[in-house]
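K.L.:
Take this structure, written in C-alpha cells, and hold onto it; I'll ask about it next.
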Amino acid sequence: MDVDEKKAEQTWFDNCIDDMLMDEEQSLSDEEEDDYAVEEQQLPAIFANESLMVVQKPAGLACQGGTGVKYSVDTLLGSVNEFADYKLVHRLDRGTSGALVVAKSRLAAVALTRAFHNHDVTKKYIALLEGIPQYMQGTIHNPLLYTGSKTIAVDASASEQARGAAKGATTKYKVLKTGMFKTPCSLVSVEILTGRKHQIRAHCAQILGCPVYGDTKYGSANSTLYLHCSEITIPVSSRITVFQERRVDVYSRVECVARWQC
146 MDVDEKKAEQ TWFDNCIDDM LMDEEQSLSD EEEDDYAVEE QQLPAIFANE
196 SLMVVQKPAG LACQGGTGVK YSVDTLLGSV NEFADYKLVH RLDRGTSGAL
246 VVAKSRLAAV ALTRAFHNHD VTKKYIALLE GIPQYMQGTI HNPLLYTGSK
296 TIAVDASASE QARGAAKGAT TKYKVLKTGM FKTPCSLVSV EILTGRKHQI
346 RAHCAQILGC PVYGDTKYGS ANSTLYLHCS EITIPVSSRI TVFQERRVDV
396 YSRVECVARW QC
C-alpha cells in the first residue's frame, strides 16, 4: 500500500478551508449529530471476515448508550437481525470518527478484547491540532489519570496519590503539515501504544500544548472535533492485518480534508 503523503501535504490546506468554515457555521448539536448519522446510515464496513467486522464510525455517534444518548453503534447493530449478536471490543470517543472493531461472536469478542488489553492492537489517527508543536515528531511518555470527567497528565509535581493512581501512556506523533486556519494549526499523524481514556486529546493539549481542534474539554475554542482513527492493526491467525480506509477524512462530513488514495 503506497501512501502519497507529499500530495496530501501540498493540497490539504488549499482545498479544505471553505468546507471547514461551512462546517463550523453549520455545526450540529449532539442530538442532531446522532440523527444525522442514523438518517444517513453512515456505518459502512471497511473489512469483514468470519470473526470480525471493522466499520467506519461517524463523528457525533456514541459507541454505547447512556444518559441523553438516543442512538449509538450498539443500538444500530442491535436493530439489524443479522448483527444482533455482534459486540464492540473497544470504543472511540463520541466526537471521533474512524475505524471501529466489532466481534461477530462471543469467542471472537473474548480474543479481541484480550488483544486490546495486552496492547497487541495498534491504532493510528489523523488529527488537526491548534498550534504547532515545538518538535515535528516525537514520542510522549507521560502517565495519565482520568478524574471522572477529564484526563490529566501527571508529572513529578503531582500529589503522591495522583502519581500512584495514574497509568502509563505512550503516544507517537508526526507533523504532516502546518498552516493557518483562523490561527496556526498542524495536521498530525498519531499512534497510541496504550489505550488510556482521552489519551491523544490529553497528551496533545497538556504535553504538546496543542489541543485537538474543536476539543473544548481540553482547551480548544472551537466546537467541531477533528480527530479520526485512520488505521488499526490486529493480530489475526498469527499474522498482522492492517485495516485502513481508502479515504481518510478527519471529520466525516468534510470530504476534502486529508485524503489518501491506496
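Start counting the sequence shown at 146; every next residue gets the next number (the working numbering).
Heads up, the beta-carbon is just placed ideally off N, CA and C, and yes, glycines get one too.
1. Could you tell me whether the segment 291-305 touches the segment 263-280, where touching means 3 or more Cβ pairs closer than 8 Å?
2. Report the three-state DSSP secondary structure of residue 277 (helix, strand or coil).
3. Would you check if the distance between the CB atom of residue 371 and the CB atom of residue 354 is smaller than 8 Å?
4. Helix, strand or coil: which one does DSSP assign to residue 290?
5. Leaving out five residues on either side along the sequence, give the residues of the same chain with a beta carbon under 6 Å from the beta carbon of residue 258.
6. For residue 345, I'd like the list of residues in its chain whose CB is within less than 8 Å of its CB, leaving aside the five on either flank, ordered along the chain.
7. Short of 6 Å in beta carbon distance, which residues of its chain neighbour residue 228, apart from the five on each side in sequence? Order them along the chain.
8. So, helix, strand or coil for residue 241, using DSSP?
9. Count the other CB atoms within 10 Å of the CB of residue 292; is the residue buried (16 or more) or exposed (fewer)?
10. Pair every Cβ in the segment 309-328 with every Cβ in the segment 196-215, then say whether three or more of these pairs are closer than 8 Å.
11. If you drop the 5 nearest sequence neighbours on each side, which residues of the same chain put their C-beta closer than 6 Å to that of residue 236?
12. Smallest Cα separation from residue 342: which of 329, 294, 306?
P.N.:
So, from the data block:
1. Touching, no.
2. Start at 1 with the first residue of the sequence shown, and residue 277 comes out as number 132. Three-state DSSP puts residue 277 in coil, outside helix and strand.
3. Translated into positions along the sequence shown, residue 371 becomes position 226. Translated into positions along the sequence shown, residue 354 becomes position 209. Result no, Cβ atoms of residue 371 and residue 354 do not sit closer than 8 Å.
4. As a first step, residue 290 is located in the sequence shown; it is residue number 145 there, counting from the start. It is a strand residue.
5. Within the sequence shown, residue 258 is the residue found at index 113, counting from 1. Excluding five sequence positions before and after residue 258, the CB atoms of its chain that fall closer than 6 Å to its own CB belong to 234, given in chain order.
6. Translated into the one-based positions of the sequence shown, residue 345 becomes position 200. Non-local beta-carbon contacts of residue 345 in its own chain, meaning distances under 8 Å to residues more than five positions away in sequence, involve 270, 272, 316, 335, 337, 357, 372 in chain order.
7. Here residue 228 corresponds to residue number 83 of the sequence shown, with the count starting at 1. Excluding its 5 nearest sequence neighbours in each direction, residue 228 has C-beta neighbours in its own chain below 6 Å: 222, listed in chain order.
8. To locate residue 241, count along the sequence shown from 1; it is residue 96. Taken through DSSP and simplified to helix, strand or coil, residue 241 comes out as coil.
9. Position 147 of the sequence shown holds residue 292. By the 10 Å Cβ count, residue 292 comes out exposed.
10. As far as the Cβ criterion goes, the segment 309-328 does not touch the segment 196-215, which means the pair count is below three.
11. Here residue 236 refers to the residue found at position 91 when the sequence shown is read from its first residue. These residues qualify, in order along the chain: 208.
12. Looking up residue 342 in the sequence shown gives position 197. Nearest C-alpha to residue 342: 294.
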